[in-house]
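Participant: Convert by adding 1 to the 1-based position in the sequence shown; the result is the number in my numbering.
We treat Cβ as the ideally placed atom computed from N, Cα and C, and that holds for glycine.
All values reported here derive from a predicted model rather than from experimental measurement.
To start, I am sharing the structure in question, which I have written as structure tokens.
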Amino acid sequence: MMIAYLRYLVNSGSRHSVHSPFVYTLVDKVLRNKSENPAFHDIMKIRHKLLHKTQVIEITDFGVGANQKDYSHRFERVSSLARKSSVSTKHGRLLFRLVEFFRPQTIIELGTSLGISTLYLALANPKAKVYTIEGCSTKSEQAATSFNALKLSNIEQNIGRFDLVLPDVVKQAGNLDFAFIDGNHTYEATVENFKILLSIANNDTVFVFDDIHWSAGMQKAWNEISDHERVTVSIDLFRFGIVFLRKELSKQKFVIRF
Ligand SMILES: C[S@@+](CC[C@H](N)C(=O)[O-])C[C@H]1O[C@@H](n2cnc3c(N)ncnc32)[C@H](O)[C@@H]1O
């Protein structure tokens with residue numbers, strides 16, 4: 002990852018090195034947007050509560066096998082889960098701004114965990130329907146408490162392994178405007194889940210992948226996804242990778258400092 006990061010630092014540019022008007026606007030209005038929003042305060046309060054929650058819960062840990070059939074149970078403090086697995090404030094705000102900017106109506110998230118990223122997605126556009134999937138039911142319960150605390154009614158929680166649940170969610174959603182893929186960080190699952198989601202994607206669908214340089218497998222998945230025939234523009238922000246399918250854009254890969 003260190004080498005990948007050094008490569009990223011050398012290759013990444015600022016908005017001034019971007020010659021695509023679409024990407025320039027995105028960098029200017031979304032990536033470099035530092036404005037506050039009242040929702041950030043609400044999410045910060047929830048995050049803070051979780052970071053101080055001493056309750057120990059039994060969680061399901063998914064293995065790293067291709068179809069994640071290996072899983073085990075262990076006990077962990079909610080505070081520790083919140084610290085280790087939730088999206089950072091910086092990247093959560095980016096998710097929020099992407100949704101605020103593109104106004105997707107149908108959002109699918111893979112990997113709810115305690116629901117912090119889901120809060121950013123759902124609060125950015127209360128009119129959007131957010132389908133979020135999590136394999137561990139106890140984490141899902143914790144997330145539900147946070148969604149209820151903010152009285153959010155635009156989130157549909159789905160509990161189960163992605164390979165078992167995603168096909169049904171895709172059928173139910175029927176259309177996809179925005180996807181956040183943040184779970185099962187293996188090459189096979191990432192590419193497979195992308196292909197399943199592509200079946201309901203439209204010209205304007207935005208895909209955001211987490212941890213694209215986390216492992217050799219994730220790097221391979223990112224390379225393959227950004228090379229995919231339906232993908233036109235890809236943006237590597239090191240932690241997040243964003244892809245667009247817009248046919249009106251010419252195929253180009255961007256590496257942008259974030
Ligand atoms: C990094 S965490 C998600 C964090 C969350 N998006 C946030 O930022 O608040 C990834 C989650 O994906 C779940 N997960 C991993 N593999 C899975 C699978 N195959 N099926 C269902 N859930 C899975 C894990 O249980 C974990 O809670």
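If I measure Cβ to Cβ from A67 and keep anything under 7 Å in the same chain, skipping five residues before and after, which residues do I get?
Facilitator: Confidence is the limiting factor: at A67 the pLDDT is only 42, short of 50, which leaves the residue's position unreliable and the question unanswerable from this model.
Participant: Quick one: what does DSSP say E193 is sitting in, helix, strand or coil?
Facilitator: helix
Participant: What residue range is occupied by the uninterrupted alpha helix (DSSP H) comprising Q56?
Facilitator: That residue, Q56, is in no alpha helix (DSSP H); it is neither H nor E in DSSP.
Participant: Expressed to the nearest angstrom, what Euclidean distance is found between the alpha-carbon atoms of N194 and T233?
Facilitator: 19 Å
Participant: Hey, is N194 close to ligand 1, as in C-beta under 7 Å from one of its heavy atoms?
Facilitator: Answer for N194: no, Cβ out of range of ligand 1.
Participant: Hey, L96 and L122: beta-carbon distance below 8 Å or not?
Facilitator: By the CB criterion at 8 Å, L96 and L122 fall inside the cutoff.
Participant: Starting from I108, follow its DSSP beta bridges and name the residues at the other end.
Facilitator: V131 and F179
Participant: Within 7 Å: the Cβ of S114 and any heavy atom of ligand 2?
Facilitator: As presented, the structure is devoid of ligand 2, carrying ligand 1 as its sole ligands.
Participant: Along the chain, where does the alpha helix (DSSP H) that runs through I4 open and close?
Facilitator: M3 to N12
Participant: Please return the same chain residues whose Cβ sits closer than 7 Å to the Cβ of I201, not counting the five positions on each side in sequence.
Facilitator: The residues are V171, A174, G175, N176 and L177.
Participant: So, with DSSP's three-state summary, where would you put S18?
Facilitator: Assignment of S18 by DSSP, reduced to helix, strand and coil, places it in the helix class.
Participant: Considering only residues of the same chain and omitting the five flanking positions on each side of F148, which have a CB-CB separation below 8 Å?
Facilitator: G116, T119, L120, A123, I156 and Q158
Participant: If we call anything under 8 Å between Cβ atoms a contact, is F208 one with I182?
Facilitator: In contact: F208 and I182 (Cβ atoms closer than 8 Å).
Participant: Select from L111, N12 and K91 the residue whose C-alpha is nearest the C-alpha of V31.
Facilitator: Comparing C-alpha distances from V31 to each of L111, N12 and K91 shows the shortest one belongs to K91.
Participant: Let's test the definition: count the other Cβ atoms within 10 Å of the Cβ of F241 and tell me whether it reaches 16, buried, or not, exposed.
Facilitator: buried
Participant: Determine the closest residue to I226 out of I4, V88, K196 and K152, with distance taken between C-alpha atoms.
Facilitator: K196
Participant: So which of R8, H53, G14 and A5 has the shortest CA-CA distance to R258?
Facilitator: G14
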